[in-house]
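Quick notes on the structure that follows.
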Amino acid sequence: MALLRLPERVPGLPVLALVLLLVPLFLGNEFHLDIATQIALIAATVVGLNLLVGYGGQVSLGHAAFFGMGAYASAILTGTYGWTSMPALLCGALLVAVLAWTLGRPILRLKGHYLSMATLGMGIIIAIVINNEGWLTGGPDGLAVEPLTVLGAELSIFDHYSVLGLDVSGALLWYGLAALLLLLAVWIARNLVDSPIGRALRAVHGSEVAARVVGVDTAHYKLLIFVISAVYASVMGSFYAHYTGFITPQVASFEHSIELITMVVLGGMASTYGVILGAVLLMLLPQLLTDFQDYEMMMFGLILMLTMIFMPKGLLPTLSEALKRLRSRPATAPAGQE
Amino acid sequence: MFAEFLQYLFSGVTIGATYALVALGFTLVYNASHVINFAQGEFLMIGGMSTVSLLAMGVPLPLAIAMAVALAAVLGMALHKLAIAPARKADVITLIIITIGASIFLRGLAQIIWGKEFHTMPGFSAAESVNVLGAVMYTQSLWVLAVAGVMVLLLALFFTRTLMGKAILATSMNPGAARLMGIRTQFVLMLAFMLAAVLGAMAGIMVAPITLTAYDIGIMLGLKGFVAAAIGGMGSGVGAVVGGLLLGIAEAMTAGYISSDYKDAVAFLLILVILFFMPRGLFGARVAERV
Amino acid sequence: MNQTLQQRDEMSSEDAVQAAPLLAVRGLSKAFGGVHAVDELSFQILPGQIYAVIGPNGAGKTTLFNLITGLYQPDQGGVSLKGEAVQGLPPERLARLGMSRTFQNLQICMNMTALENVMLGRHLHLKRNFLAVLLRWPSLRASERTCRAQAEELIRFVGCGDYVNAEAAAMPYGALKRLEIARALATQPSILLLDEPAAGLNSTETAALEQLIRKVAAGGITVVLVEHDMKLVMSISDRILVLDYGRKLAEGTPREIRDNPDVIAAYLGG
Chain A
1329 MALLRLPERV PGLPVLALVL LLVPLFLGNE FHLDIATQIA LIAATVVGLN LLVGYGGQVS
1389 LGHAAFFGMG AYASAILTGT YGWTSMPALL CGALLVAVLA WTLGRPILRL KGHYLSMATL
1449 GMGIIIAIVI NNEGWLTGGP DGLAVEPLTV LGAELSIFDH YSVLGLDVSG ALLWYGLAAL
1509 LLLLAVWIAR NLVDSPIGRA LRAVHGSEVA ARVVGVDTAH YKLLIFVISA VYASVMGSFY
1569 AHYTGFITPQ VASFEHSIEL ITMVVLGGMA STYGVILGAV LLMLLPQLLT DFQDYEMMMF
1629 GLILMLTMIF MPKGLLPTLS EALKRLRSRP ATAPAGQE
Chain B
3 MFAEFLQYLF SGVTIGATYA LVALGFTLVY NASHVINFAQ GEFLMIGGMS TVSLLAMGVP
63 LPLAIAMAVA LAAVLGMALH KLAIAPARKA DVITLIIITI GASIFLRGLA QIIWGKEFHT
123 MPGFSAAESV NVLGAVMYTQ SLWVLAVAGV MVLLLALFFT RTLMGKAILA TSMNPGAARL
183 MGIRTQFVLM LAFMLAAVLG AMAGIMVAPI TLTAYDIGIM LGLKGFVAAA IGGMGSGVGA
243 VVGGLLLGIA EAMTAGYISS DYKDAVAFLL ILVILFFMPR GLFGARVAER V
Chain C
720 MNQTLQQRDE MSSEDAVQAA PLLAVRGLSK AFGGVHAVDE LSFQILPGQI YAVIGPNGAG
780 KTTLFNLITG LYQPDQGGVS LKGEAVQGLP PERLARLGMS RTFQNLQICM NMTALENVML
840 GRHLHLKRNF LAVLLRWPSL RASERTCRAQ AEELIRFVGC GDYVNAEAAA MPYGALKRLE
900 IARALATQPS ILLLDEPAAG LNSTETAALE QLIRKVAAGG ITVVLVEHDM KLVMSISDRI
960 LVLDYGRKLA EGTPREIRDN PDVIAAYLGG
């Protein structure tokens, strides 16, 4: 019987790496590669958000604000002030960390619906500021962003580079960078989850009072994970800005926040690989629905509703449970007949 | 100087009355089901847009309003029956996503039917204005205030005088006990969603002649109503009305005296301040947590 | 039976002369909306004792536990642990001072495995350096390995060896009650408060629980329990506090309590 059982834990990180390596082989053109790169960057953001929402059980309806702040910090510091990419990115992340830490303390005292309202309010205010302070951000018209500079070299999707003697397009290099960032994001998130900090965090979700009586300072851990997930968003926002070369206040908007949290819930809260699946599906959906043109928005809403009604735990957890049941059926059936 | 202030106050109270109706809808649904219905704003859009269409077809205004409200009521019931009830055991956040899905669906539907452009709607009566101490008040504002006042009064009577209203209150306080007393709680919940849709649609119809209407106005109006409900302390009817009026006035004053660019930020700044310093809102109950 | 009770009586009165109290409660009061849940309550618990709190439903037993463990703020009065005033301190601070507890309504993290629940109990004793966690340094791996081994041992100690890797959500009620004790023990407490540990258990499980509590006490941990099972209480307690309407009705050895006319009146006559 034991032989029939497949390994319980699939080694996720190598599998993800393999998938990311194989993806470019199946992509027909630069347009597909572009979407894959964007998906990887957003997926990494969502992996960070999942730490807060999925594992910590703290809802955030304003996370795009942090993503947007990172994006605008990079755009403004490199464009207007001539900084190089990395210092700008770090400066943006630091700014976001300080803001998240300051706002997080009063916000995270709230629970449930009150917490969602506060994060929503915070996000929208930041989005409005970005929209209104046109002298700095370009306002609703958006802002062009300098290409990413790594170690003095520019990485542009329009150029070609020689890597180990091979001619590689900038677009492919960007995809490689985004894939690496996603792997790094997953690695750090897994390390966090499977640690004393991660257990304390999941306990906040499971039973806050239980966590407190064994000595977990729950307020501290909620704040810590709020800051970490905000920094994830900020860093990915910076890369996203450099990659797309042009950003509008849309990146920080309420709608974008909702998209991010939907990816988490759709893919499966507290499932790192599930939320990546959520990001992939939610970003592919508009591409698939473009054929329906006018019906796109309606179909999108319908699919969202139906998935959440019939799979409230999210896609990956529901699928893996179904798989488990399927797998255990032949094993338990004879026992039941006895 | 004073006339200017009065002018801002008038426009604040007018828009505040609309927020109050949306907030009441949020409160009603939240009380009955502990769901925050992010699709609430879409009922404003549906109310306004279908009235515009019906008027264009030559339906007289009172009938057009009645039909638009009835449509919203049916949609409200359908929302509960088809989307909320099947998922009632789900997480809070899953329910939030479901209502967001519903709002995107309704918005998408509206976009197909009515397109993306703004639609205008004539006022309920001729666009005359009354001069009050130097400030101008348009007749549509008076209509908004009068209708909102009547709606609030009717709602108050409904909850204090009718069996059905009391059944909703009982269900919100203790669903288990209400079920034991023979109240069909699922039916009551559906009724709450329907009433919320009616309130939203009325608000949307009244405000349409002032603000214009389009397929996507539901997002902001819905969020503002949500903020108004939270200012009043989620779940308090009086709080929703006060919260709505306060929000409307605060917005008008900001737009008038500070910057119209930041008018929309007022609602969200207000909600942060209130949640930080009065975590249960102005009228919310303070409940001791039990272990 | 009578003889063992007598021996216990003598033992505990000897202790009383020697040791300073581990936990002392003085004039503790808490009211909810005008109802006195706990009213001017005072008592002391000596190190190493098994101390039971009994009383009819609504007598204020759980409120008392919540006051002692910092989940409720007292209106009046004081609590001292090892001579230090601790009333009003939050539970996470009290855990550092060696206090741990279980709950009448299970407080298990259902989103974690049995093992992870107990490992959570080791929280205060683990390396939690942020960078070490992010990069999963070797020192952290070693500390996690030790923690895992200790947690497994504790799960076996409470008799849940079959469930080490089970998801908490998939475990039966009786096992979860024991798991909660294992988690509390993982904090290495000097005083352990058990809120109705036998509630919902059958007689075999209760007998096993009694053995477990004795083993815990034998390890030098002071045990305070709220319990309705009088057979269990009479058999394992060194001292018993009887509450009625938040006030102290009686306190003493099991024998004294059994013979106390007030207690008999409250339980039988009331």
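Residue numbers (the numbering used here), protein chains in the order written: chain A, 1329 to 1666; chain B, 3 to 293; chain C, 720 to 989. Built from N, CA and C at the ideal position, the CB exists for glycine as well. All of these numbers come straight from a predicted model, not from anything done at the bench.
Residues of chain B with CB closer than 9 Å to the CB of residue i, please, in chain order.
{"i": "A:Phe1628", "result": "Gly103, Ile106, Phe107 and Gly110"}
{"i": "A:Thr1590", "result": "Ile99, Ile102 and Gly103"}
{"i": "A:Ile1575", "result": "The contacting residues do not exist; A:Ile1575 stays about 20 Å from chain B at best."}
{"i": "A:Leu1632", "result": "Ile99, Ile100, Ile102, Gly103, Ala104, Ile106 and Phe107"}
Can you list, in chain order, the residues of its chain whose CB lies under 7 Å from that of residue i, leaving out five sequence neighbours each side?
{"i": "B:Ala257", "result": "Lys265"}
{"i": "C:Thr925", "result": "Ala917, Asp948 and Leu951"}
Just how far apart, CA to CA, sit residue i and residue j?
{"i": "C:Glu811", "j": "A:Gly1462", "result": "47 Å"}
{"i": "A:Leu1588", "j": "C:Leu783", "result": "45 Å"}
{"i": "A:Asp1362", "j": "B:Gly239", "result": "50 Å"}
{"i": "B:Val209", "j": "A:Thr1412", "result": "50 Å"}
{"i": "A:Leu1479", "j": "A:Ala1416", "result": "14 Å"}
{"i": "B:Val54", "j": "A:Val1496", "result": "57 Å"}
{"i": "B:Val134", "j": "B:Gly202", "result": "29 Å"}
{"i": "C:Glu733", "j": "C:Gln823", "result": "With a pLDDT of 47 at C:Glu733, under the threshold of 50, the predicted position of this residue should be treated as unreliable, though the coordinate-derived value follows. Roughly 33 Å separates the two Cα atoms."}
{"i": "B:Leu223", "j": "B:Thr96", "result": "22 Å"}
{"i": "A:Ala1330", "j": "A:Arg1655", "result": "Note that A:Ala1330 scores 39 on pLDDT, short of 50, meaning its location in the model is unreliable and no value can be drawn from it."}
{"i": "C:Leu944", "j": "A:Leu1643", "result": "44 Å"}
{"i": "A:Gly1410", "j": "A:Gly1470", "result": "18 Å"}
{"i": "B:Met236", "j": "C:Pro973", "result": "51 Å"}
{"i": "B:Ala230", "j": "B:Asn39", "result": "14 Å"}
{"i": "B:Ala169", "j": "B:Gly241", "result": "21 Å"}
{"i": "C:Ile940", "j": "C:Ser909", "result": "5 Å"}
{"i": "B:Leu157", "j": "A:Gly1384", "result": "40 Å"}
{"i": "C:Asp957", "j": "C:Val982", "result": "17 Å"}
{"i": "B:Gly117", "j": "B:Ser35", "result": "33 Å"}
{"i": "B:Ile102", "j": "A:Leu1630", "result": "10 Å"}
By the criterion of Cβ-Cβ separation under 9 Å, what are the contact partners of residue i in chain A?
{"i": "C:Val852", "result": "Asn1519, Leu1520, Ser1523, Pro1524, Ile1525 and Gly1526"}
To which residues of the same chain is residue i closer than 6 Å at the C-beta, ignoring the five residues directly before and after it?
{"i": "C:Gly789", "result": "Leu808, Pro809, Pro810 and Leu813"}
{"i": "C:Ala743", "result": "Gln763 and Ser799"}
{"i": "B:Val244", "result": "Gly234"}
{"i": "B:Gly125", "result": "Gln142 and Pro211"}
{"i": "A:Thr1447", "result": "Ser1388, Leu1389 and Gly1390"}
{"i": "A:Leu1438", "result": "Ala1446"}
Tell me, to the nearest whole angstrom, how far the beta carbon of residue i is from that of residue j; I am working on the premise that it is less than 8 Å.
{"i": "A:Ile1458", "j": "A:Tyr1400", "result": "6 Å"}
{"i": "C:His844", "j": "C:Gln907", "result": "7 Å"}
{"i": "B:Ala74", "j": "B:Gly49", "result": "5 Å"}
{"i": "A:Phe1567", "j": "A:Leu1369", "result": "6 Å"}
{"i": "C:Val852", "j": "A:Ile1525", "result": "5 Å"}
Listing by chain order, which chain A residues have their CB less than 8 Å from the CB of residue i?
{"i": "B:Gln113", "result": "Asp1622, Met1625 and Met1626"}
{"i": "C:Arg902", "result": "Ala1538 and Val1542"}
I want to verify the contact list: residues of chain A whose CB lies under 7 Å from the CB of residue i, in sequence order.
{"i": "C:Leu845", "result": "Pro1524"}
{"i": "B:Leu277", "result": "Leu1438, Tyr1442, Met1445 and Ala1446"}
{"i": "C:Gln826", "result": "Ser1535, Val1537 and Ala1538"}
{"i": "B:Ile212", "result": "Result: empty, since nearest Cβ-Cβ is about 22 Å, beyond 7 Å."}
{"i": "C:Thr906", "result": "Val1542 and Gly1543"}
Please list, in chain order, all residues of the same chain as residue i whose beta carbon is under 8 Å from its beta carbon, the five residues on each side excluded.
{"i": "B:Phe120", "result": "Leu214, Thr215 and Ala216"}
{"i": "A:Phe1628", "result": "Leu1613, Pro1614 and Leu1617"}
{"i": "B:Ile100", "result": "Ala85, Ile86, Ala89 and Ala92"}
{"i": "A:Lys1641", "result": "Gly1596, Met1597 and Glu1649"}
{"i": "B:Val71", "result": "Gly49, Val200, Ala203, Met204 and Ile207"}
Starting from residue i, find everything on chain C with Cβ-Cβ shorter than 7 Å and list it in chain order.
{"i": "A:Ile1516", "result": "Leu853"}
{"i": "A:Ala1598", "result": "Asn830"}
Starting from residue i, find everything on chain C with Cβ-Cβ shorter than 8 Å and list it in chain order.
{"i": "A:Asp1545", "result": "Glu811"}
Task: Contact between the segment 20 to 30 of chain B and the segment 141 to 154 of chain B (3+ Cβ pairs under 8 Å) - done: yes
Open item on the list: Would the segment 1601 to 1621 of chain A count as touching the segment 1420 to 1432 of chain A if we require 3 or more Cβ pairs under 8 Å?
Closed with: no
Task: Cβ contact (3+ pairs, closer than 8 Å) linking the segment 762 to 781 of chain C and the segment 274 to 286 of chain B - done: no
Open item on the list: Counting beta carbon pairs with one atom in the segment 1628 to 1636 of chain A and one in the segment 1579 to 1597 of chain A, are three or more of them shorter than 8 Å?
Closed with: yes
Open item on the list: Quick check: the segment 885 to 903 of chain C against the segment 851 to 863 of chain C, are at least 3 beta-carbon pairs closer than 8 Å?
Closed with: no
Open item on the list: Taking contact to mean 3 or more Cβ pairs, one atom from each stretch, closer than 8 Å, check whether the segment 866 to 881 of chain C and the segment 833 to 850 of chain C are in contact.
Closed with: yes
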